[in-house]
Every structure is written in structure tokens, then in C-alpha cells.
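Sequences listed follow chains A and B, in order. Numbering-wise, this note's numbering puts 110 at position 108 of the first sequence, and it's gapless, one number per residue. Numbering-wise, this note's numbering puts 445 at position 429 of the second sequence, and it's gapless, one number per residue.
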Amino acid sequence: MSALTFTLKYRPDQRVDLSPLVCQNLEGKEIAEIAALELQSGKAKLRVDALFNISFGDAQNIVIKNSFGKLDFIGKKLNGGSIRVEGDAGAYLGMGMKSGSIRVTGNAGLYAACEMKKGTLQIDGDAGDFLGGALPGNKMGMKGGLILVKGNVGERAGDHMRRGTILIEGNAGDYCGSRMTAGTIAVMGQTGRYLGYAMRRGTLLLWSQPQLSASFNDCGAHTLGFLPMLFASFKSLNSRFADAAVGFNRVRRYAGDMAEAGRGEVLVKL
Amino acid sequence: MMIKLTGGTVYDPAAGIDGKKQDIYIQDGRIVKKPAKDVPIDKEYDLKGKVVMSGAIDMHTHIGGGKGNIARTLLPEDHRQDPVARTECTRSGCGHAMPSTFVTGYRYAEMGYTAGFEPAVLPVNARQAHMEMGDIPILDKGGYVMLGSDDYLLRMLTAKKDQKAVNDYVAWTINAAKAIGVKVVNPGGINAFKFNQRKLDLDEQNSHYGVTPRQILQTLATAVKELGVSHPLHVHGCNLGVPGNMETTLNTIEGIGGLPLHLTHIQFHSYGTEGDFKFSSGAAQIAEAVNKHKNITIDVGQILFGQTVTASGDNMRQHANHKHASPNKWVTMDIECDAGCGVVPFKYRDQNFVNALQWAIGLETFLLVDDPWRIFLTTDHPNGAPFTSYPHLIRLLMDKSFRNDMLATIHPEAQKMTTLGSIDREYTLNEIAIMTRAGAAKLIGLHDRGGLSPGNWADITVYTENADREKMFEKPDYVFKDGDLVVRDGKVIATKWGTTHVVKPDFDPSVEKGLKDYFDRYLTMKLGNFKISDDEITEDGRGSITAHPLKRLA
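Here it is, written out as C-alpha cells:
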């Protein structure tokens, strides 16, 4: 059975909350029922068929075509199934997703994979601030799963992150890994200022030397046996992380943030 | 316009009416006598079979002042999880534990409440508290100004200034802060916290000023009485939440020597140290003491299970409680040397021994205190539970079998430690009306509210009799505020603005001389700016001030 496809007809001026268009919510619905669902857009409520041409298909396999950066909450609380976004995604992409997979061919906005629990999220372009972070005021960001970003990410990637993996092929903005409780963030490109700000535990794996604050202690050079195993686990990904040539096991290790619990680590390729 | 409410069953304890069928007439916002035959009735409501009470008054609810905003800032999830959409006549808002101002007004009105009193107005933040309460629609409001941990009073006590000087300072502060009473929170303890004391017993000295809580209570209770302020000194005692604090509370009651005293959220001050967990109920002893001492009034501060946030001036105890914060985030701070503040989110759980017993202790207190004129129904909103849980609480008080069903679900060890199951008392509608209306109005000194006899303002709530008291009290048929119908079938249909209740005790104007020097030297605000003028409350065209008479001194 082919994918259930939504093709955007026009770009509305106001942002649109796309959270009803997730696999578990559309499963078992007729095309007429799906067409009649309402989406909040600013003050207005728009019917799905007012905004999209719908091509009926397998609800576990959703495609959103012509997507642009004002379509928010794509894949919110997704619980199984897959969503493919052709174009850009707005804010809160895959927020709180529980399982399944999401792939965006363009860029994603703020708070992508915010408080994500499980599953995989791939962004072929760039991601905005607070990738895998916590909502303002909340204490726990991403709790599991895997995020792969082929481009760059904004500030505060992995803010309050609890568990799971974030792989970034490009650069990361300031405060990468801020207030992390645990989990792993790997950045192949450059990182910004205040790396690991107030991180308690967790691992930041870097290919180039960061600018570290004074509250990180240099623990010297190490050969770490777990790194080849970690890289081996990325083998199946469609990513530079799967390339055996980019892996390493020799690192310089920094511990911090000593202004917090100080049990986090920054591992930099030697 | 003459409005007639026909044939309702009236519960008006202020006039001694307990469930009597009678008609009520409203004209120009007030209840009037039956008009002459030739006066036309413009609007008539058929209330046959309905229960009619005056609008309820919450005499202790944290609805204004800085700590509410701190709680809101601290808990954005409380907003996100409870959005309220606008309607034709109401504005949008949000919040479960600490709702926005407009939603606070609507939700109170929709339960039949027409007045709420903020118990912790810091003098230095009084303007903000009044502005915030000024944004609460429908309700009348007022505040108790907080003294007792302020540097100026403690200096006066250290310098052994006479009672007259203290009285002038207290009266001046009540006027400056536009208050209707005086509250003291952890007497001197908020201040002692700043000198690194982490507990302060009734007779323990503040390490800097050498003043004890007992002295502060004695001095302020005397001041309030001598000034003729109706509402007795509103006391949040020492050692809140500490196992064994029942002794402190009993000592406070005995030691005040017959001066009028209102002990607030007494549930948090009624703990013993018996049992395997060294935590037990002191409700029976406290209730016995309250029954014996006619000068004492209390409100309960019942806890109910679920998520809320505790917001208190008691930084000392809130700092100690921070390890129970759920979710794990909290604030404790000083406020301009005047007082302090602690905000700690709490989730009360029925399967937690301590929470379960707290729940039982509050109910025991309600049921063991004999005189409903001296006990008031509060959850210390939002500290024990949000005010929206009042109908549930009323059902617990009025329905023994429901209460026992709930009791059977809480932590088993807590069930063993409470006598709640053996208490047969069920509150009557008349007793509920006393606790939430007539008694509250009398305690605060509102001379023309809380009753339904001619001359009172027409704040009236009409319920449909229902054996399920929770259903009955959460959805009144009609609520009138100052004679206008504001709620129908539990929904706000029109809004208006309530008044701000104050008292204006006299003071010797020369008190300002010493104060001016003090303000110039130590405070961030000038004396002239500190005082709130009537205009600031009334100039927006919707606020008003109602000054209530002082008690005539014997």
C-alpha cells in the first residue's frame, strides 16, 4: 500500500499546528474523516483538505510534501509508524515522540525532538535552537531515541537532556549540552561558546577542540575502548557517522561542569 | 430596579435563619425589605426548592502579591496544562494551581464565592498586591498586611519602645498598605533565617535582635486589639510542618493570655511525634484547646491530593521543605528586609504516609472543633490545594460515608493513625453557611456582607439541593454580586468589579518622622511612595474602597 500523502496547497500566513496528523491518530480513518479534521492556524481552524491535497494510503507511512517552516508540531507524540517531511518543518518537530521515525529533507525549527522519548529523527538540513531540549520550565529534555542532523544546529542543543543520542554532522551553536543530566551528543563540526554549561553527567563527543569554560578540568589523553563499539552502533545509519574512517578511540578528556555535579565529560578527538 | 427571589430555602446564619422558605428583594445592589404592594417587581426568579445563601467569602487565599507571580514563573507547565479560552464575556487565561487573575475571579464566582482575602500582603509589595487583586473580576478583596519579621518593628522591640509607639506604627502600616487586618508569619523567623537560624521556637531569641516570637505575637495582638481592628491578629505560627509542632501551637494558644488570635492553616501546625514514623495527629488536642479558648479562631488549611504549589512568606520553613519539591524546583528569597518568600511546588499523594495523615488531620480538626463560628473552610490556596477543590472538601465534611470511602483508599499506616473513621459528625448546610459566609464576614469585620437581611449588599448564591454536595456546591444555579446576576448554571454570564475592603485605624501622625529617617537611610523606596493612596485603587474607574468601622473599645 502506498503512503498516505499530504501535499500542501498553499502557504498560510499563520503557523499551523499539525499535531493531529500522526500515524496513531489517522489509523483506521477514512479519507473523508481525515479531510474533515481541523488544524489550528492562528485564530482560525482549517480543515485538512483546505490546506492539503490528500492521497489516501497507509496511515503508518505518512508523507508531507511541499512542507515549509510554519508547519509546527509535526509528529507530536508519534507512537509508531513513519513520517517523511519533504521540505522544511516548523517548531516542535517530533515533540514527545514515543516511537517510530521521522525524516525531514529540509531544515527544522526550534525545539525539534523536544522531550523526545524514543524512536529516530533525521533532519537532512539544519535544526534550530533547543534540539532535543526541554520545554521552558521543564526539567527533562530528550529521554531516549536517536537524532541525526546532517546540517548545523542552533543554540542549546540537548538542553536538560536525560538519555539518548544526538548526532550532528555540522556545527553546534552556543551552550551545546547545557544542563545535561545524561546522554550523548556527538558533533563533527565546530562548537560554540559555553559548551556543556551546567552539565551534570553525560558525554559530549567532539572532532575539534572546543573553547571550554574554566569549570571544566583537563583529565589528560586516553584510549577509550568503548568508542569503537559506539561508532560500530552507528554503522546502519545513512550518515557520515557510519563511515569507519571517521571513528577514533584516542581522546583528550575534560570533566565538568564543576560548577554543577561535574560528572559530565567532553571527549575531544586527538 | 426591583428584583425578587421567590420561595427559596434560605440559610442565613447572620440573621439566625436556618433553612426557612422566604422571599428576598434586591434593589440598587442591596437587599431590601419587602416593598409596598404598588411597587412593581421588574424581575423575578423562581427559587422554589433551591438553597439560598449569601455569597461565600474565602478569608485566607493567596490571590495577590509577588509570590503568586513567582509561582507562575516557576511553573509554566501549570499554565500549559490548563488553558482557558475566552468567551463573549470572559477573558482567556490559564493555570490550575496558580491561575491567572481573571481566571481566579471567574472560577471563584462559578463556585458561588464573592469575596477573597489575601493573607500575606507585604507592606513594601502592597501596591503590586492591590494592582493584581484589582485585576480579579467579580470578587471583593482585601489583604492582611504582614508584620513581625520587618526590621523596623524588630528594632522597636529591641529598643523596648512602648506599646503606644508600636500601635502607631501598626496603624500607619495598615493605612499605608490599604489592609483590613494584620498577619504575622513565623513571627521573627523570616528575619532570623537571614541570620542563619534554621528554626525558631516560640521562646527562642532572634540571634541579632534578641526578640522572641512570643514577644512579637503579644505585641502585635495587643496592637490589633487596642486599635480596634475587627480581624484578630492573623497568625501563621512557628514551626510550620514540623512533627511535634502541636506543642508550639498549644503554647501559643495558652500563652496569648486571652487576646484575640486567629491561627491560620492550623492543620500544618497540629502534628505530634508518636507512632513508628514519629509523625502523628495532634488535631484532638488542638481542637480541645480551641474549644476551650473562646478568643481563638482558626482556619484549617486542608490538604487535598494532587499537584499544587506552596507559596508562603515563611522562607525558613520553605527552605526546609525544598527537598520535597515536586517537580524539583523552588525559590526562597528575601524581600527588601521587610519579609521573605518561599515557593515550593508540591504533589500531595494519598499513598504517602505523611500526606495521607495531613489530609486526615485537617478533616479531624474540622470535625472536632464544635463552634462553626470560630473555624473556617480553607485550603490555604494554593498551599494545601487549589481553591477549586472546595466543593470536594464540603462533601467530605457533609457526607460521612463518602469520607470513610476516601479514608479507606489512603496509605494504610495513616488510616491506623487517625480517629477520622470513628467521627460521626456531618456538617449541616447551616454550619457550612456559617463557616464560609456569616462567620467569615464577622471575623473580618465586614459589616454589610455575609448576610441576607435587608441592608446587606446583595451577594447571593443559589444552589440546587443535591445529596452529592460536591455537585451541589461546584455549580450554583445563580450567583448575584452586588445585585447583578453574574453566574448562571455554574458559568459566568456577566462580569463586574468588586470593592477593596479596608480599615483605617487612627495613629499619631508624628510616627512618620522616625519612619521617614528610616526609609531615607535603609530602604529602596521613599516614604511618600510607600503609602498607597485611595486614588491608585479607584482611578482606573473599576476599583473602589470600602472602609469598615473599627470596633468600639470597651
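Ideal Cβ placement from N, Cα and C applies to all residues, glycine included.
### Message
Considering only the alpha carbon of each residue, which of B:T425, B:M18, B:T452, B:Q431 lies closest to I47 (chain B)?
### Response
Reading the second sequence from its first residue, position 31 is the one you call residue 47 (chain B). Checking every option, the nearest Cα to that of I47 (chain B) belongs to B:M18.
### Message
Strictly below 8 Å CB to CB, what residues from chain B border K141 (chain A)?
### Response
To locate residue 141 (chain A), count along the first sequence from 1; it is residue 139. By Cβ distance, chain B contributes P343, N344, K345.
### Task
For my contact list, D498 (chain B) and A510 (chain B) are in at a C-beta cut-off of 8 Å; report their separation, rounded to the angstrom.
On the second sequence, residue 498 (chain B) is found 482 positions in, with the first residue counted as 1. On the second sequence, residue 510 (chain B) is found 494 positions in, with the first residue counted as 1. In fact, because the Cβ distance is near 12 Å, the residues do not count as touching under 8 Å.
#### Entry: For E242 (chain B), the three-state DSSP class (helix, strand or coil)
Working through the second sequence from its first residue, we reach residue 242 (chain B) at position 226. Correct three-state label for E242 (chain B): helix.
### Task
Please compile the residues from chain B whose C-beta is within a distance smaller than 8 Å of the C-beta of P138 (chain A).
Locating residue 138 (chain A) in the first sequence gives position 136, where the first residue counts as 1. Here the neighbours are P92.
#### Entry: Through-space distance from A299 (chain B) to E270 (chain B), alpha-carbon basis
Residue 270 (chain B) sits at position 254 when you count from the first residue of the second sequence. Residue 299 (chain B) sits at position 283 when you count from the first residue of the second sequence. Cα to Cα, the separation comes out at about 16 Å.
### Message
Taking DSSP's pairing of strands, which residues face Q323 (chain B) in a bridge?
### Response
Here residue 323 (chain B) refers to the residue found at position 307 when the second sequence is read from its first residue. Note: Q323 (chain B) sits in a beta bridge opposite B:K363.
### Message
For the pair the region 63-72 of chain B and the region 454-470 of chain B, tell me if three or more CB-CB distances fall below 8 Å.
### Response
Under the 8 Å Cβ criterion, the region 63-72 of chain B counts as touching the region 454-470 of chain B, having at least three qualifying pairs.
### Extent of the continuous beta strand (DSSP E) to which C221 (chain A) belongs
Locating residue 221 (chain A) in the first sequence gives position 219, counting from the first residue. For C221 (chain A), the enclosing beta strand (DSSP E) begins and ends at 219-225.
### Task
Let me know if F54 (chain A) comes out buried or exposed under the rule of 16 or more other beta-carbons within 10 Å of its beta-carbon.
As a first step, residue 54 (chain A) is located in the first sequence; it is residue number 52 there, counting from the start. Under this definition F54 (chain A) is a buried residue.
### Query
According to the neighbour-count rule (16 or more other Cβ atoms, all chains shown, within 10 Å of its Cβ), is R485 (chain B) buried or exposed?
For the purposes of this step, residue 485 (chain B) is taken as the residue at position 469 of the second sequence. With 16 or more other Cβ atoms from the protein chains shown falling within 10 Å of its own Cβ, R485 (chain B) counts as buried.
### Message
Contact between the region 345-365 of chain B and the region 151-166 of chain B is defined here as three or more beta-carbon pairs at a separation below 8 Å; is this criterion met?
### Response
The region 345-365 of chain B vs the region 151-166 of chain B: in contact.
### Classification of M231 (chain A) by the beta-carbon crowding that lies within 10 angstroms, buried from 16 upward
Numbered from 1 along the first sequence, position 229 holds the residue referred to as residue 231 (chain A). Exposed, because fewer than 16 other Cβ atoms sit within 10 Å of the Cβ of M231 (chain A).
### Cut-off 7 Å between Cβ atoms - residues of its own chain near T1 (chain B), not counting five sequence neighbours on either side
With chain B running from 17 to 570 in the structure shown, residue 1 (chain B) is simply not present.
### Task
Mind checking who R105 (chain A) pairs with in its DSSP beta bridge?
For this step, residue 105 (chain A) is matched to residue 103 along the first sequence. The partner list for R105 (chain A) (beta bridge, DSSP) reads A:R86, A:Q124.
### Query
So, do the region 71-86 of chain B and the region 130-148 of chain B have three or more beta carbon pairs nearer to each other than 8 Å?
The answer is yes - the region 130-148 of chain B touches the region 71-86 of chain B, with three or more Cβ pairs under 8 Å.
### Message
Output needed for H281 (chain B): all residues of its chain with C-beta closer than 6 Å, excluding positions within five of it in sequence on either side, in chain order.
### Response
Walking along the second sequence from the start, residue 281 (chain B) turns up at place 265. Excluding positions up to five away in sequence, the list reads G317, D396.
### Task
Would you kindly work out how many angstroms separate the C-alpha atoms of G98 (chain A) and R107 (chain B), rounded to a whole number?
Here residue 98 (chain A) is taken as the residue at index 96 of the first sequence, counted from 1. Here residue 107 (chain B) is taken as the residue at index 91 of the second sequence, counted from 1. The straight-line gap from Cα to Cα measures roughly 30 Å.
### Message
For R17 (chain A) and T7 (chain A), what's the separation of their Cα atoms in angstroms?
### Response
Within the first sequence, numbered from 1, the residue matching residue 17 (chain A) stands at position 15. Within the first sequence, numbered from 1, the residue matching residue 7 (chain A) stands at position 5. Using only the alpha carbons, I get a separation of about 20 Å.
#### Entry: In DSSP terms, what W473 (chain B) is bridged to
Your numbering for residue 473 (chain B) matches position 457 in the second sequence. Under the DSSP definition of a beta bridge, W473 (chain B) partners with B:R46.
### Task
Decide if V140 (chain B) is buried, meaning its Cβ has at least 16 other Cβ atoms within 10 Å, or exposed.
Counting from 1 along the second sequence, the entry for residue 140 (chain B) is found at position 124. Burial call: buried.
### Query
How long is the line joining the alpha carbons of N191 (chain B) and H463 (chain B), rounded to whole angstroms?
Locating residue 191 (chain B) in the second sequence gives position 175, where the first residue counts as 1. Locating residue 463 (chain B) in the second sequence gives position 447, where the first residue counts as 1. Straight through space, the alpha carbons of H463 (chain B) and N191 (chain B) are spaced by roughly 19 Å.
### Task
Check the C-beta distance from L383 (chain B) over to R453 (chain B) and give it rounded, since I have them as a contact under 8 Å.
Translated into positions along the second sequence, residue 383 (chain B) becomes position 367. Translated into positions along the second sequence, residue 453 (chain B) becomes position 437. Distance from L383 (chain B) to R453 (chain B) at the Cβ level is roughly 20 Å; contact not present, criterion being Cβ atoms closer than 8 Å.
### Query
Measuring CB to CB, does I64 (chain A) end up less than 7 Å from I85 (chain A)?
On the first sequence, position 62 is the one that residue 64 (chain A) refers to. On the first sequence, position 83 is the one that residue 85 (chain A) refers to. Yes, these two residues count as a Cβ contact at 7 Å.
### Message
Less than 7 Å between C-beta atoms, sequence neighbours within five positions excluded: which residues of the same chain meet that for E262 (chain A)?
### Response
As a first step, residue 262 (chain A) is located in the first sequence; it is residue number 260 there, counting from the start. Correct list, in chain order: A200, M201, R202.
### Task
Look at W389 (chain B) and I314 (chain B) and say whether their C-beta atoms are less than 7 Å apart.
Position 373 of the second sequence, counting from 1, holds the residue named residue 389 (chain B). Position 298 of the second sequence, counting from 1, holds the residue named residue 314 (chain B). Taking C-beta atoms as the reference points, W389 (chain B) and I314 (chain B) fail to come closer than 7 Å.
### Message
To the nearest angstrom, how far is the alpha carbon of T394 (chain B) from that of G258 (chain A)?
### Response
Locating residue 394 (chain B) in the second sequence gives position 378, where the first residue counts as 1. Locating residue 258 (chain A) in the first sequence gives position 256, where the first residue counts as 1. The alpha-carbon separation between T394 (chain B) and G258 (chain A) amounts to approximately 47 Å.
### Task
Pull up the CB-CB distance for V325 (chain B) and V359 (chain B), whole angstroms please, since I reckon it's below 8 Å.
Your numbering for residue 325 (chain B) matches position 309 in the second sequence. Your numbering for residue 359 (chain B) matches position 343 in the second sequence. Confirmed, Cβ separation roughly 6 Å.
### Task
Mind reading off the beta-carbon distance from H112 (chain B) to P402 (chain B)? Whole number of angstroms is fine, and I expect it under 8 Å.
To locate residue 112 (chain B), count along the second sequence from 1; it is residue 96. To locate residue 402 (chain B), count along the second sequence from 1; it is residue 386. Rounded, the Cβ-Cβ distance is 6 Å, consistent with contact.
#### Entry: Cα-Cα separation, F535 (chain B) to A376 (chain B)
As a working mapping, residue 535 (chain B) is identified with position 519 in the second sequence. As a working mapping, residue 376 (chain B) is identified with position 360 in the second sequence. Going from the Cα of F535 (chain B) to the Cα of A376 (chain B) covers about 46 Å.
### Task
Tell me whether the beta-carbon of V245 (chain B) lies closer than 7 Å to the beta-carbon of V519 (chain B).
Position 229 of the second sequence, counted from the first residue, corresponds to residue 245 (chain B). Position 503 of the second sequence, counted from the first residue, corresponds to residue 519 (chain B). Yes.
### Task
Can you give me the Cβ contacts of Q221 (chain B) inside the same chain, cut-off strictly under 6 Å, excluding the 5 residues immediately before and after it?
Translated into the one-based positions of the second sequence, residue 221 (chain B) becomes position 205. Result list for Q221 (chain B): T228, in chain order.
### Query
Does DSSP classify I410 (chain B) as helix, strand or coil?
Counted from its first residue, the second sequence places residue 410 (chain B) at position 394. Three-state result, I410 (chain B): helix.
### Message
Which same chain residues end up closer than 6 Å to A114 (chain A) when comparing Cβ atoms and leaving out the 5 residues on each side of it in sequence?
### Response
On the first sequence, position 112 is the one that residue 114 (chain A) refers to. Only L95, A129, L133 meet the Cβ criterion.
### Query
Three-state secondary structure (DSSP) at K432 (chain B)?
Residue mapping note: residue 432 (chain B) aligns to position 416 of the second sequence, counting from 1. Residue state, collapsed to three classes: helix.
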